[in-house]
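Notes follow the structure.
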Amino acid sequence: MQPEISCERVRKIYGRGTNAFEAVHAATFCVEKGEFVSLLGPSGCGKSTLLMMIAGLESITGGRVLAGGTPVDEPRAEIGIVFQDPTLLPWKTALQNILFPIEMMHKDRAAHVGRADELLRLVGLYEAANKRPGQLSGGMKQRVSLCRALIADPEILLMDEPFSALDAITRDDMNVVLLALWERYRKTVLFVTHSIREAALLSDRILIMGGSPSTIIADVKVPFARPRHFTIGETPEFNALCSALRDEITKARQTAAADDHDG
Amino acid sequence: MVDDSPSSLSTSYSLARLEEKGRGIRDYALAFLFAGQLRAIVLPIVTAFLFLLAWQAISVLGKISPTILPPPTMVLQQLSDNFSLIMKHTYPTTIETLVAFGISIPLGIVLAGAMVYSLVVQEALYPNIIFFQLIPKIALAPLFIVWLGIGPSSRITFSVFICFFPILIATAAGLRAVETNMLRLCRSLRMSEWQVLIRIRFPTSPPYIFSGMKVAVTLAIIGVVVGEFIASQQGLGYLILFASSRQQTDLALACIAVLCVVGLLLYGLVVLAERAIMSAYDFR
């Protein structure tokens, strides 16, 4: 079976000539259908750029991105995206915001209201369906944004540090919500984060990005069984995995610094 | 070297505390006089009243000729004596201002929309519009009279000419104020530029449009009054010029007072419209 997402030596260079900056260098990896994979790395390591290239929202300088077996060169309807900010329309209610993609794709709105209700119930926002974003908290807004990404039943869900603007407690809540959503729909998810614990809790596999120029430096399998509960975060195995991931990131940084010295 | 020793620190702290205490007492006194929100209304009125009182005192006690500086009471007298005359001239000025403002709103908004929608339109228009704005527009007013005659159309056109610009600039800024990720979302939903303009950009821009309209409404009055200065047989601008030429400074000042009230009312109208639309759209 072919992978749902596959990147082959994907490269991104911003600018030209002396101002050129290589954000991503020859990133190669696959994400299987129904797999939850995290892209983990420090800020500015090009992980968001890589995600935007897979979404078809950023041009690719070199290499190839395949989604569902065909090359990505423009945005696609079967890819859902959650951004770092909720990007809701302030004049629409939560429900109207969730149904906005359906409206824009000229699909049958009435047929999707049921699904929107189901999604709202799953993220615990059923009562807030008719509230506007101004009346919702940051976490609630991001839940609406999650529902919106899932409304058109996309094959792939791309998430760009979706919870990094939230406080730690809300963030934990959102992780629980996301675990439940993934259990329910089993989408192929590529999740960008700079939180090691978040990546370890949510993912089947973690791709660590780093180095200079930045690329995929490690591919770590997460061995914990599904369905997962938030409490696995307290087990010694979990903490051992987290420290191993941290070591990988530190190692990549040191190598990058040494490379810079040589150059 | 070690300047921030405990002793110097504590002195500065106690000084700060003293200042705080002083401010606290003042606040308390003011709060006692004008409780809560009332203060925000009473204070400016008291200040204005004191200013008028000082004016009255200077022109009466200083025995200044009423042709130079008539006291506020004389101006008030003129206002009541010639009320029907002043109102007769207020009417055309107000109507022409409203028409000019009413034309410049859709003009500014549509031009801004065209510029944001099409790069070609923007590149063709924007530098020229900026260049137009650099011309001292008042200097062009006589030409509008030459082109369009001394009727209302020349004054309205001139007024539109100077007041549509802030609406255009503010609307263009509002249309461009959509966040990068929102635009990415639109692209991922394969929305057309036209859909983005109508569904996202325009609904995002009312706060900007209204700030432009607030500037524009005062410019609209200026445009009409300047037009009346140059060539007209009616309007408050005409009456001010007429009164000044006959050294009736009190009448001129009465007209200016009415002009202020008209300006205030039109500005208030824009603020009311803004509030209505904002609450309907739920901008916070």
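Chains U and E are the protein sequences, given in the same order.
Its first residue numbered 33, the first sequence is counted upward by one per residue in this note's numbering.
Its first residue numbered -17, the second sequence is counted upward by one per residue in this note's numbering.
All residues carry an ideal CB built from backbone N, CA and C; glycine is no exception.
I'd like to know whether the C-beta atoms of residue i and residue j end up nearer to each other than 8 Å.
| i | j | result |
| --- | --- | --- |
| G76(U) | M241(U) | no |
| E110(U) | I188(U) | yes |
| T153(E) | I112(E) | no |
| R229(U) | G171(U) | no |
| I144(E) | L201(E) | yes |
| L239(U) | V69(U) | yes |
| T119(U) | L167(E) | yes |
| T220(U) | E67(U) | yes |
| A213(E) | I138(E) | no |
| L127(U) | A148(U) | yes |
| P107(U) | S170(E) | yes |
| L190(U) | L83(U) | yes |
| G95(E) | L221(E) | no |
| L34(E) | P54(E) | yes |
| D232(E) | V42(E) | no |
| V42(U) | M85(U) | yes |
Would you say residue i faces chain U, with C-beta separation under 8 Å as the test?
| i | result |
| --- | --- |
| R266(E) | For R266(E), the predicted model reports a pLDDT of 44, less than 50, meaning its position is unreliable; a value from the coordinates is still stated below. Yes, because at least one Cβ of chain U sits closer than 8 Å to the Cβ of R266(E). |
| A(-2)(E) | The predicted position of A(-2)(E) is uncertain, since its pLDDT is 49 and thus under 50; a value taken from the coordinates is nonetheless stated next. No - not a single Cβ of chain U is within 8 Å of the one on A(-2)(E). |
| P109(E) | no |
| P189(E) | no |
| A171(E) | According to the sequence displayed, residue 171(E) carries Leu and not Ala. Cβ-Cβ to chain U under 8 Å: yes for L171(E). |
| Q177(E) | yes |
| P124(E) | no |
| P48(E) | no |
| P185(E) | yes |
Let's see if you can read the secondary structure: which residues bound the alpha helix (DSSP H) around residue i?
| i | result |
| --- | --- |
| D204(U) | 200 to 217 |
| L254(E) | 231 to 263 |
| E40(U) | First-last for E40(U): 37 to 46, but that is the beta strand (DSSP E), not the alpha helix (DSSP H). |
| F346(E) | There is simply no residue 346(E) to check, as chain E begins at -17 and stops at 266 in what is shown. |
| F113(E) | 101 to 116 |
| A232(U) | 228 to 234 |
| L127(U) | 126 to 136 |
| V224(U) | Per DSSP, V224(U) belongs to no alpha helix (DSSP H); it is in the beta strand (DSSP E), 220 to 225. |
| I86(U) | 79 to 86 |
| T119(U) | T119(U) -> no alpha helix (DSSP H), and no H or E assigned at all. |
| T49(E) | Counting along the chain, T49(E) falls outside any alpha helix (DSSP H), and DSSP gives it neither H nor E. |
| S170(E) | 162 to 170 |
| A148(U) | 141 to 154 |
| S169(U) | Where S169(U) is concerned, there is no enclosing alpha helix (DSSP H), given that its DSSP letter is neither H nor E. |
Would a check of beta-carbon distances place residue i closer than 8 Å to chain E?
| i | result |
| --- | --- |
| I92(U) | no |
| A296(U) | With chain U represented from 33 up to 295, any question about residue 296(U) goes unanswered, as that position is not in the structure. |
| G295(U) | With a pLDDT of only 45 at G295(U), under the threshold of 50, the placement of this residue in the model should not be trusted; the figure read from the coordinates follows. Not an interface residue. |
| I37(U) | no |
| D185(U) | no |
| T119(U) | yes |
| L83(U) | no |
So the beta strand (DSSP E) residue i belongs to, where does it begin and stop?
| i | result |
| --- | --- |
| I31(E) | The question names Ile, but residue 31(E) is Phe in the sequence shown. Looking at the DSSP string, F31(E) is not in any beta strand (DSSP E); the run it does join, the alpha helix (DSSP H), is 20 to 43. |
| E187(U) | Note, E187(U): premise wrong, no beta strand (DSSP E); not H, not E. |
| R237(U) | 237 to 242 |
| E54(U) | 53 to 63 |
| F115(U) | Taken as a continuous stretch (DSSP letters only), F115(U) belongs to no beta strand (DSSP E), as it is neither H nor E. |
| F68(U) | 68 to 72 |
| L98(U) | 94 to 99 |
| V252(U) | 247 to 253 |
Taking residue i as the reference, give the member of the options with the closest Cα.
| i | options | result |
| --- | --- | --- |
| A181(U) | D199(U), L210(U), E159(U) | L210(U) |
| W123(U) | T186(E), Q177(E), W176(E), A213(E) | T186(E) |
| C237(E) | Y249(E), S193(E), F224(E) | F224(E) |
| R258(U) | K139(U), A232(U), K283(U) | A232(U) |
| L80(E) | I204(E), S226(E), S261(E) | I204(E) |
| A82(E) | M195(E), L235(E), L43(E), I117(E) | M195(E) |
| S174(E) | F132(U), V97(U), M136(U), P194(U) | M136(U) |
| K253(U) | T247(U), L71(U), R175(U), R216(U) | L71(U) |
| A159(E) | I182(E), Q177(E), F147(E), R172(E) | I182(E) |
| T93(U) | Q167(U), G166(U), A58(U), A284(U) | A58(U) |
| V224(U) | D192(U), A284(U), E64(U), L168(U) | D192(U) |
| D279(U) | A289(U), F256(U), A250(U) | A250(U) |
Could you tell me whether any non-hydrogen atom of the ligand GTP is closer than 7 Å to the CB of residue i?
| i | result |
| --- | --- |
| E280(U) | This structure lacks the ligand GTP, and indeed carries no ligand of any kind. |
(request) Can you give me, in chain order, the residues of the segment 137 to 167 of chain E that have a beta carbon less than 8 Å from any beta carbon in chain U? (result) Hits within the stretch, in order: E161, N163, M164, R166, L167.
(request) Give the residues from the segment 101 to 115 of chain U that approach chain E closer than 9 Å (Cβ to any Cβ), ordered along the chain. (result) With the criterion set as a beta carbon lying under 9 Å from some beta carbon of chain E, the members of the segment 101 to 115 of chain U are E106, P107, R108, A109, I111, G112, I113, F115, in sequence order.
(request) Give the residues from the segment 193 to 223 of chain U that approach chain E closer than 9 Å (Cβ to any Cβ), ordered along the chain. (result) Under the 9 Å Cβ criterion, the segment 193 to 223 of chain U contributes no residue.
(message) If the cut-off is 9 Å on Cβ atoms, which residues from the segment 133 to 163 of chain U count as contacting chain C, listed in chain order?
(response) The chain labelled as chain C is not found among the protein chains of the depicted structure, namely U and E.
(message) For the segment 247 to 260 of chain U, list every residue whose C-beta sits within 8 Å of some C-beta in chain E, in sequence order.
(response) Cβ contacts with chain E: none found.
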